[in-house]
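Q: The structure under discussion is supplied below as structure tokens; questions concerning it will follow.
Right, dumping it as structure tokens:
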């Protein structure tokens, strides 16, 4: 008997269908993630106060409804400054003496959970809800 060794190659049609299904699956997952992220962002409530922490200690809580400027002075001899400006219901850092100035370049914050962080000065500014407390977490 004459046996021929025939190898079968995958056809472009069969392999293409699997690839197309993979693309559809990945696209569906990305759409679900995008809708979830948009819902989380859009459904987040406007905060009513901003809390200022320096080195893990709360040094002040200020309402977003009152326009004001707050000098946050840190450092051993008081040489480090972050100027917090609360205006039109939003909080921003307009001046910072830190070397990188990332906190001063941050967009104004007004929604619950948003924060501005200055790592060199160990300053964290966070928007919190109406009662001034963080939400309880159920473990």
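In my numbering, the protein residues as written are 12 to 150.
Just so it is clear, CB atoms sit at the ideal spot from N, CA and C, and this is done for glycine as well.
(1) Using the Cα positions of residue 29 and residue 132, report the straight-line distance between them to the nearest angstrom.
(2) Quick check on residue 32: does DSSP put it in helix, strand or coil?
(3) Indicate the three-state DSSP secondary structure (helix, strand or coil) for residue 114 in the structure shown.
(4) Count the other CB atoms, across all protein chains shown, that sit within 10 Å of the CB of residue 75; report buried if there are 16 or more and exposed otherwise.
(5) Near residue 55, which residues of its chain fall below 7 Å by C-beta distance, leaving aside the five closest residues on each side in sequence?
(6) Leaving aside the five residues before and after residue 119 along the sequence, list all residues of the same chain whose C-beta is less than 7 Å from its C-beta, in chain order.
(7) Here's the rule I'm using: 16 or more other beta-carbon atoms within 10 Å means buried, otherwise exposed. How should residue 46 be labelled?
(8) May I ask which residues mark the beginning and end of the beta strand (DSSP E) holding residue 80?
(9) So for residue 140, helix, strand or coil by DSSP?
(10) Find the nearest neighbour of residue 94 within the set 88, 87 and 83, judged by alpha-carbon distance.
(11) Have a look at the DSSP bridge pairing and note the partners of residue 66.
(12) Kindly give me the distance between the Cβ atoms of residue 80 and residue 96, rounded to whole angstroms, as I take these residues to be in contact under 8 Å.
A: Working from what's here:
(1) Stepping through the chain shown from its first residue, residue 29 is reached at position 18. Stepping through the chain shown from its first residue, residue 132 is reached at position 121. Rounded to whole angstroms, residue 29 to residue 132 spans 54 Å at the Cα level.
(2) The residue you call residue 32 lines up with position 21 of the chain shown. When secondary structure is reduced to three states using DSSP, residue 32 falls in the helix class.
(3) Working through the chain shown from its first residue, we reach residue 114 at position 103. Note: residue 114 maps to helix in three-state DSSP.
(4) As a first step, residue 75 is located in the chain shown; it is residue number 64 there, counting from the start. With 16 or more other Cβ atoms within 10 Å, it is buried.
(5) Taking the chain shown and counting its residues from 1, the one referred to as residue 55 is at position 44. Cβ-Cβ distances below 7 Å link residue 55 to 122, 123 and 124 in the same chain, with the five nearest sequence neighbours on each side left out; the list follows chain order.
(6) Position 108 of the chain shown, counting from 1, holds the residue named residue 119. Result list for residue 119: 101, 102 and 103, in chain order.
(7) Translated into positions along the chain shown, residue 46 becomes position 35. Result: exposed.
(8) Within the chain shown, the letter at position 69 stands for residue 80. Run containing residue 80: 79 to 85, per the beta strand (DSSP E) assignment.
(9) One-based indexing of the chain shown puts residue 140 at position 129. For residue 140, the secondary structure class from DSSP, reduced to helix, strand or coil, is coil.
(10) One-based indexing of the chain shown puts residue 94 at position 83. Of the candidates 88, 87 and 83, the one whose C-alpha sits nearest the C-alpha of residue 94 is 83.
(11) Translated into positions along the chain shown, residue 66 becomes position 55. None; residue 66 has no bridge partner.
(12) The count along the chain shown starts at 1 and reaches residue 80 at position 69. The count along the chain shown starts at 1 and reaches residue 96 at position 85. About 5 Å; that satisfies the 8 Å criterion.
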